[in-house]
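As structure tokens, the structure follows; a few thoughts come after it.
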Amino acid sequence: MEDIDVIAVLQDPVRRRLYEYVAAQGREVGRNEAAEAAGVARTLAAHHLDRLAEAGLLESGSRRLTGRSGPGAGRPAKVYTRARVERSVSLPARDYRTAAELLAEAAEEAGLDAGLYAAARRRGESLRGTPEPCGGLEEAMAVLASRGYEPHLEGCLLYT
């Protein structure tokens, strides 16, 4: 399936709400939870979640959600997470990633670190709207999130 076909699966508003909910959780989500979050019946949610998995937007697995194990614990529930694959559509089709990688490699080889740092600082200030010092990591993460990124802290001594 081409990226544009995969993204077309999100045209249905219920399916899109389910996808956005699961993608935002950053963990496995069961059918009941997803249905409740989207405000639809569990069976309808199951249908749409499976369609999203078939399209490659979600990954599915199974896990016991009750915490019980052994005989009588019941069948494991089907759970979903956002797929690790990034999808992108550009009309007409263009490969911006390759252009960005080439420019970054050329800048690195030319020793343009100081210029890149200055340009990144100016861009950050323009996105933020002021050259004043920012409110720290939280504000920087909020700006990145507003631009479609999903920032998270890993191994940060300040936030463990």
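In the numbering used here, each residue's number is its place in the sequence shown (first place is 1) plus 849.
Note that CB positions come from ideal geometry on N, CA and C, so glycine has one too.
Nearest candidate by alpha-carbon position, reference Glu1003, set Gly973, Leu951, Leu901, Leu986:
Along the sequence shown, one-based indexing puts residue 1003 at 154. With distances taken between Cα atoms, Glu1003 lies closest to Leu986.
For Glu935, report the span of its beta strand (DSSP E) as first-last.
Stepping through the sequence shown from its first residue, residue 935 is reached at position 86. Segment: none, Glu935 is in no beta strand (DSSP E) and carries neither H nor E.
Report the residue from Arg977, Pro941, Ala955 whose alpha carbon sits nearest the alpha carbon of Ile853.
Position 4 of the sequence shown, counted from the first residue, corresponds to residue 853. Per the Cα distances, Pro941.
DSSP bridge partner residues for Glu908 (one or two, in chain order):
Locating residue 908 in the sequence shown gives position 59, where the first residue counts as 1. According to DSSP, which records beta bridges pairwise, Glu908 is partnered with Thr930.
Following a CB-centred definition, is Leu1002 positioned closer than 7 Å to any heavy atom of the ligand ZN?
This structure lacks the ligand ZN, and indeed carries no ligand of any kind.
Leaving out five residues before and five after Arg913 in sequence, what residues of the same chain have Cβ atoms less than 8 Å from its Cβ?
Reading the sequence shown from its first residue, position 64 is the one you call residue 913. The beta carbon of Arg913 sits closer than 8 Å to the beta carbons of Ala922, Gly923, Pro925, Ala926 from its chain, once the five residues preceding and following it are set aside; these are given in chain order.
For the pair the stretch 896-904 and the stretch 858-869, tell me if three or more CB-CB distances fall below 8 Å.
As far as the Cβ criterion goes, the stretch 896-904 touches the stretch 858-869, which means the pair count is three or higher.
Secondary structure of Glu889, DSSP reduced to three states
Residue mapping note: residue 889 aligns to position 40 of the sequence shown, counting from 1. Before going further, note that residue 889 is Val rather than Glu in the sequence given. Residue state, collapsed to three classes: coil.
At a cut of 8 Å, does the stretch 926-937 reach the stretch 861-881 through at least three beta carbon pairs?
A contact exists between the stretch 926-937 and the stretch 861-881.
Which of helix, strand or coil does DSSP assign to Gly879?
As a working mapping, residue 879 is identified with position 30 in the sequence shown. Three-state result, Gly879: strand.
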